[in-house]
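Note sheet for the following structure.
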Amino acid sequence: AISRANKIKGSSTLTLLKFNNISRKLISCHIGDSSYLIARARKNGFDMIHLSKDQYYNFNFPYQVGRKLDTIDQFIFDEHDLITKDVIICATDGLWDNLSIKIILQTLNQIRDKKTN
């Protein structure tokens with residue numbers, strides 16, 4: 007993308023998610039280190055059932071849209087069957103670099119526990 011005001015080119019990581027309520031499928035498309043996690047509620051708490059894969063050239067240099075070297079061929083497309091009470095967390099590296107999956111799942115369990123009390 008080019009800013010019309012200053013002609014500076016920009017780029018971004020990207021995650022797109024689309025949920026089909028009839029088929030109960032989540033369709034995803036992503037590039038770089040913007041990612042998503044699917045957690046499923048179990049009797050004893052949430053389990054991670056999917057974490058999308060990050061794409062990097064080097065440390066702190068993720069694939070991005072808006073750069074000539076990254077193309078649609080590098081996007082990762084996926085499809086997931088979901089059930090009632092599945093939780094989807096879509097975030098940038100601002101979340102994933104600072105919280106472990108374990109902490110994220112513990113937080114989901116704390117929220118669930120507060121709702122059931």
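For what it's worth, my numbering labels the leading residue of the sequence shown as 7, then goes sequentially. We treat Cβ as the ideally placed atom computed from N, Cα and C, and that holds for glycine.
Using the beta-carbon count (16 or more within 10 Å), is residue i buried or exposed?
i      : result
Tyr-63 : exposed
Asp-87 : exposed
Thr-19 : buried
Ala-45 : buried
Gly-16 : exposed
Asp-39 : buried
Just list the residues that DSSP pairs residue i with in beta bridges.
i      : result
Arg-48 : Gly-51
Phe-83 : Cys-35
Asn-64 : Phe-67
Ser-41 : Ala-97
Leu-57 : Leu-43
When you measure from the CB of residue i to every non-hydrogen atom of the ligand SAM, does any distance come out below 7 Å?
i      : result
Asp-60 : You won't find the ligand SAM in this model; it holds no ligand whatsoever.
Please state whether DSSP places residue i in a helix, a strand or coil.
i       : result
Leu-22  : strand
Leu-189 : Lying outside 7 to 123, the shown extent of the chain, residue 189 is not represented and no answer is given.
Ile-117 : helix
Ile-78  : helix
Measuring straight from C-alpha to C-alpha, what distance separates residue i and residue j?
i       : j      : result
Gln-61  : Tyr-69 : 6 Å
Cys-96  : His-36 : 11 Å
Leu-111 : Ala-11 : 43 Å
Ile-78  : Lys-49 : 40 Å
Tyr-42  : Ser-58 : 6 Å
Phe-81  : Phe-67 : 16 Å
Thr-113 : Ile-55 : 16 Å
With a threshold of 8 Å between beta-carbons, can residue i be considered close to chain C, or not?
i      : result
Arg-30 : Of the protein chains in this structure there is only one, and it is not chain C.
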